[in-house]
Amino acid sequence: MALTLTVLLENRRAAGAEKSILAKPGLSLLVQDETTTILFDTGPDGSFMHNAAQMGVDLTHLTAVVLSHGHYDHCGGVPWLADNSRIICHPQIAYERYASVTVAGTPRKIKKLSRDNNYSRFIMEYTREPLVISDRFLWSGEISVPTPQSYGVISEKTLQPDYISDEGVLIYKSARGLVIITGCGHRGIENIVRHCQKITGVNKIYALVGGFHLRAASPAKLWRTRQFIKQQQPEKLLGCHCTGSWGRLWLPGTDAPATGDVIVLAE
209 MALTLTVLLE NRRAAGAEKS ILAKPGLSLL VQDETTTILF DTGPDGSFMH NAAQMGVDLT
269 HLTAVVLSHG HYDHCGGVPW LADNSRIICH PQIAYERYAS VTVAGTPRKI KKLSRDNNYS
329 RFIMEYTREP LVISDRFLWS GEISVPTPQS YGVISEKTLQ PDYISDEGVL IYKSARGLVI
389 ITGCGHRGIE NIVRHCQKIT GVNKIYALVG GFHLRAASPA KLWRTRQFIK QQQPEKLLGC
449 HCTGSWGRLW LPGTDAPATG DVIVLAE
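Here the working numbering is used: the first residue of the sequence shown is 209, the next is one more, and so on.
Next up, the structure:
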């Protein structure tokens, strides 16, 4: 049973893709096996729908939409989803988020990182816990992090550090090991992988796919990530979006899927 990944939107357009295909900073993947079809993230706007139409991809019979976290470049396309779409995500998905700077010890908002989406017309499944989607697909739920890193602020009654606690990943249990699909990897690739291994009881990693958040990482972080991935020995490493060319440089053997690509992972 093969797993097919169709890149509906990514920062770059694939070399062989039609010129009508749109590439923008963000991520949207259609992930499917023989029985289940999942839309993983929606990019920043309706471009994923445009690209699906250009590629002849049918999005009318989705098992579920999975949103990795609440940043605009991953859930900005939500308004283009059909009414009553089933959406699986963390309960903090709609928090108002900003990039920030600290001035005289006080955080200041500088750029909004979230979208004001109306989720009331969808069938929402909010959960912090792992959720079984099908025999092979699993939503990770909230990923525990020993020492979380903040990425901007959450604007509630006061500004609070945003640790991206809402970030989760999509897991596929193949006969060759786990396929872990990340949106941005804010929670850290090592933390993400260990969480997935813990909740599934499967240690073997077949493939890591998605954004690894390494495009501006320090050499020390890149070295640690490289060593950890080397220990895990995944057969496939597909780093895109916020992995960046800098991140891929440190991860030999990494392929870089782009908008318009269709990737088939063998069972």
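Ideal placement from N, C-alpha and C gives every residue a C-beta, glycine not left out.
Just so we're clear, the structure is a prediction, and the values are computed from it rather than from any experiment.
Check                                                                                                                                                             : Outcome
In whole angstroms, what separates the C-alpha of Ser382 from that of Ala272?                                                                                     : 19 Å
For Pro356, tell me which candidate among Asp343, Thr451, Asp374 has the shortest Cα-Cα distance.                                                                 : Asp374
Measuring only the C-alpha atoms, how far is Thr433 from Cys448?                                                                                                  : 15 Å
Can you find the residues in the same chain that come closer than 7 Å, C-beta to C-beta, to Ala302, ignoring five residues on each side of it along the sequence? : Gly278, Asn325, Tyr327
Could you check the C-alpha separation between Thr335 and Ile296 for me, to the nearest Å?                                                                        : 8 Å
Within the chosen definition, does the segment 339–356 reach the segment 308–326 through at least 3 CB pairs nearer than 8 Å?                                     : no
Can you list, in chain order, the residues of its chain whose CB lies under 8 Å from that of Leu339, leaving out five sequence neighbours each side?              : Ile296, Glu333, Leu346, Trp347, Gly349
For a quick check, are the C-beta atoms of Gly360 and Ala415 less than 8 Å apart?                                                                                 : no
Give a yes or no on whether the C-beta atoms belonging to Gly254 and Gly234 are separated by under 8 Å.                                                           : no
To the nearest angstrom, report how far apart Leu422 and Thr244 are at their CA atoms.                                                                            : 30 Å
Using 10 angstroms around the beta-carbon of Trp458, count the other beta-carbons present and answer buried if the total reaches 16, otherwise exposed.           : buried
Buried or exposed for Gly268, please, with buried defined as at least 16 other CB atoms from any protein chain shown within 10 angstroms of its CB.               : Note that residue 268 is Thr in the sequence shown, not Gly. Exposed: under 16 other Cβ atoms inside 10 Å.
Quick one, which of Ala260, Asn411, Gly385 has its alpha-carbon nearest Glu475's?                                                                                 : Gly385
Report yes if the CB atom of Ser276 is closer than 8 Å to the CB atom of Phe248, and no otherwise.                                                                : yes
Quick one: grab the DSSP three-state call for Glu333.                                                                                                             : strand
Rounding to the nearest angstrom, what Cα-Cα distance links Leu216 and Arg395 in this structure?                                                                  : 24 Å
So for Ala428, helix, strand or coil by DSSP?                                                                                                                     : helix
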